[in-house]
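First up is the structure itself, then whatever we jot down about it.
In full-length UniProt numbering, the protein residues as written are 1 to 455.
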């Protein structure tokens, strides 16, 4: 049974003013808040976005231009010119502000006029520029469409403004809009209760992905978002892969600071690469700084070894010959004691309530099992969920629920060119449009694009 005082977590983060240093008049609303007055300095950065892109909001960004949209039919699109980019939004969505932009897309916050909720809409940037971009676009849409878990960001809608394959160039993904990502939370001085609950939710979300045969491969603070009720969700699945694939992983997958050692060294990988990344995030929340800040993949390995020590012979024996030669040629380094890596002073005071105790000793023990160089000796997600630092939150519906539909990439995917990926994605998006009420007017469409009344 979940910890009995879980219900009070709506106040766990304290007031908005305490957490985000905002003025007394500013507030962040939940997605269901009737009065829609969000503050975008506090909004969550969405997939693959840079924090620096938030600066323009705080400097007083001009309102977007709504371009000649005299037709108010909900079945059409409204065009919004924002930062020299024309966005084509379903008329049910009203532009409110920018969340950010990055290499993979532009993300905005909108109000859904039909539900009165705020949503995040991601327009993928140049999804068909090359095969890699096309694969990422396919994965992001398909995985979000497959999984359904409270700790995974929910896909609310998806569409393209283009009506033919020849014209197809834009993909819009509509998602839940949260309040902040973990980049904003790192410096907030979390107590053990908050640390434990956030970590539990990360593990629950990744456990669900692993059940679907999905390895996230790009877990980092900016890809994990929270709201003011302490609810956490994982997003950005453009780099996710099927765990059944047997291949070597390029060291350029996963943001460098959070790459598992086997990834840094270009070795084979498994689901435990996500455990390493979660361990790095957990450690960052404790120490309020990045654990392994390497300048390149060689320096990343050096940073890891300088803390955790030279790996075992059993580990190096599984490396590729040239990599093994390099690793074994380096001076041998002894691992630092865990109490030195995470001293007591890094942790908040012990938390004791209802026969439950959370303290530095327990947290450090879990970190020591997650941050293990050899993946064969690293704890897996299900084992981590049983650890006493997090299992007080255990809920069967969140941990042991039905496995999602397995995610399987096209068997011929490795041989597809850009145009073939484009056609595959186009068909998937159009199928979504046909089977979902994307306009919010109680109709779906048949295979010929004709409206079908659902009432």
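By construction, the Cβ of each residue, glycine as well, lies at the ideal position given by its N, Cα and C atoms.
Taken in chain order, the complete alpha helix (DSSP H) segments of 4 residues or longer contained in the stretch 254-330 are 261-264, 272-287, 297-308, 313-316, 321-329. In this structure residue 202 is in contact with residue 232, their Cβ atoms being roughly 6 Å apart against a cut-off of 8 Å. Each residue's CA atom was taken as its position, placing residue 177 and residue 234 some 12 Å apart. The C-beta of residue 262 has 16 or more other C-beta atoms within 10 Å across all chains shown, which makes the residue buried. Shown here for residue 438: same chain residues with a beta carbon closer than 8 Å to its own, the five before and five after excluded, namely 90, 157, 158, 159, 432 in chain order. Sixteen is the threshold: when 16 or more other Cβ atoms of the shown chains lie within 10 Å of the Cβ of residue 366, as they do, the residue is buried. Minimum Cα-Cα distance from residue 320 among the listed residues 332, 268, 169 corresponds to 268. In this structure, the CA atom of residue 398 is about 44 Å from the CA atom of residue 325.
Residue 362 and residue 307 have their alpha carbons spaced roughly 20 Å apart.
Excluding the 5 residues flanking it on each side, residue 264 has same chain C-beta neighbours closer than 6 Å at 251, 297, 300, 301, in chain order. Contact annotation, residue 222 with residue 280: C-beta distance approximately 13 Å; criterion of less than 8 Å not satisfied. The Cβ atoms of residue 134 and residue 141 do not sit closer than 8 Å to each other. Between the C-alpha atoms of residue 138 and residue 304 there is a straight-line separation of about 33 Å.
Looking only at 276, 258, 288, the smallest Cα-Cα distance to residue 294 is reached by 258. Closest in C-alpha terms to residue 426, from the list 118, 317, 109, 169, comes 169. In the three-state reduction of the DSSP assignment, residue 77 falls in the strand class.
Beta-bridge pairing by DSSP links residue 117 to 112. Among the bridge pairs identified by DSSP, residue 101 is matched with 106. Taking 8 Å as the cut-off, the Cβ atoms of residue 378 and residue 275 count as close.
Of the residues 196, 209, 112, 188, the one whose Cα lies closest to the Cα of residue 175 is 112. With contacts defined as CB atoms closer than 8 Å, residue 255 and residue 218 qualify as a contacting pair.
In the three-state DSSP reduction, residue 234 falls in the strand class (E or B). With respect to residue 360, residue 351 sits apart: the two C-beta atoms are not nearer than 8 Å.
As for any alpha helix (DSSP H) of minimum length 4 sitting wholly inside the stretch 113-197, the runs are 131-146, 182-185, ordered along the chain. Spatial neighbours of residue 92 in its own chain (CB-CB distance under 7 Å, excluding positions within 5 residues in sequence) are listed in chain order as 74, 112, 113, 114, 439, 440. In the displayed model, residue 390 falls within coil according to three-state DSSP, outside both helix and strand.
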